[in-house]
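In my numbering, the protein residues as written are 3 to 293. Ideal Cβ positions, reconstructed from N, Cα and C, are used throughout, including at glycine. These figures come from a predicted structure and were not determined experimentally.
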Amino acid sequence: MAQTRIYMNASKSEADALFKLLDARFEEDGLPISVFEADEENGRFEVSLYAEEEDADRVFNEVGEAVATLPDPPQLLREVLPEIDWVAHSLEGLKPVRVGRFLIHGSHDRNLRRIGDLAIEIEAGLAFGTGHHGTTAGCLQAIADLLKREKPRNALDLGTGSAVLAIALARAARIPVLATDIDPIATQVAAENARLNGVGALVETHTAPGFHNRIFAERKPFDLIVANILARPLMRLAPQMANHLTPGGALILSGILERQRDAVVASYVNQGFRHIRTQAREGWVTIILRR
Ligand code: SAH
């Protein structure tokens, strides 16, 4: 499903006023709204609303009507954000991938394992996550870096796909990981992959859109959450991420295009997160935050 960004350029004080106006107006629709500094030198901000393609015209008109009540209404702009075909991506390349100590490989490449590797066997299939995509590799890198310095005790992998990240965490840190996905087929594949990789007892899989499942209340608080979804759902999930993470806990987000970075960081800073680092890979960014 393609998504449209409806946005306007404003000074800091105009942007604050626009945010308040639009936040109140679109609260019920639950549309994500972001404010970020588009031009630091000139102090110009962009206020954006994200709408599904089929709602874009309606939302565009409604935003127009809402801002027309202001003394100096801003010009409204719009752009269609690129669509991503997760399954096509999952079939990309079958060569093994090395990130830090992790080696992600198919069954035909078992012989490439070296001593000291944390080898994870994943077949390209119906669930996304063979390690080839820049977003998966970015998360694996962030996990590898984090585990050098600390040992989380209770982790969540939201949007687990093949469970590649959950397996990496369970294998490297020997901790329980809750692995969830909106797609029941992915959840099935995830459970099977966890078992094949010897961490069936540590990785618990559930089907859930976002945080809509009782299991989250039972298993929270988490001290590490990884979520490789997409910018828009990640922005929408920011308040619940804060609610499920311990203070000081780490959050690794990916599935974000470089130009969406500021908007995503802004939504999390609004929820009391601190931005630690952003890593780029193949046009995608992985953002590391702390609550
Ligand atoms: N974690 C894996 C897979 C990422 S692909 C990796 O890093 O490679 C993104 C996955 O998130 C897909 O399997 C998709 O079904 C799932 N997803 C998308 N939106 C979601 C949502 N709102 N809640 C839970 N899962 C979601």
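Residue i, DSSP secondary structure in three states
i	result
threonine 162	coil
alanine 196	helix
glycine 95	At glycine 95 the pLDDT is 48, less than 50, meaning the model places this residue with poor confidence; the figure from the coordinates comes in the next sentence. Correct three-state label for glycine 95: coil.
arginine 80	strand
asparagine 272	coil
alanine 90	With a pLDDT of only 47 at alanine 90, under the threshold of 50, the placement of this residue in the model should not be trusted, and no figure is reported.
asparagine 215	coil
aspartate 25	helix
leucine 232	coil
Any non-hydrogen atom of the ligand SAH within 6 Å of residue i CB
i	result
isoleucine 163	Reading off the sequence, residue 163 comes out as glycine, not isoleucine. Flag set: Cβ of glycine 163 near the ligand SAH.
threonine 138	yes
proline 235	yes
phenylalanine 130	yes
alanine 265	no
valine 166	yes
asparagine 272	no
proline 76	no
alanine 1	Any property of residue 1 remains undetermined from this structure, which presents the chain solely from 3 to 293.
aspartate 119	no
asparagine 215	no
aspartate 225	no
Residue i and residue j closer than 7 Å at C-beta
i	j	result
asparagine 230	glycine 136	no
threonine 280	valine 271	no
valine 179	alanine 168	yes
phenylalanine 213	glutamine 242	yes
serine 50	serine 269	no
alanine 170	leucine 142	yes
Neighbour flag for residue i against chain B, beta carbons, 7 Å
i	result
glutamine 5	Absence of chain B from the displayed structure is noted, only one protein chain being present.
Identified DSSP bridge partners for residue i
i	result
valine 287	Ile258, Ala282
aspartate 183	Thr209
threonine 71	Answer is none; threonine 71 lacks a bridge partner.
glutamate 48	Asn11, Phe38
*Examine the Cβ distances between the stretch 241-258 and the stretch 103-115 and report whether three or more of them are shorter than 8 Å.*
no
Requested in this report: State whether the stretch 134-154 contacts the stretch 191-206, with contact taken as three or more CB pairs (one from each stretch) at a distance under 8 Å.
Outcome: no
field: Validate contact between the stretch 75-83 and the stretch 111-130 using beta carbons, cut 8 Å, 3 pairs
entry: no
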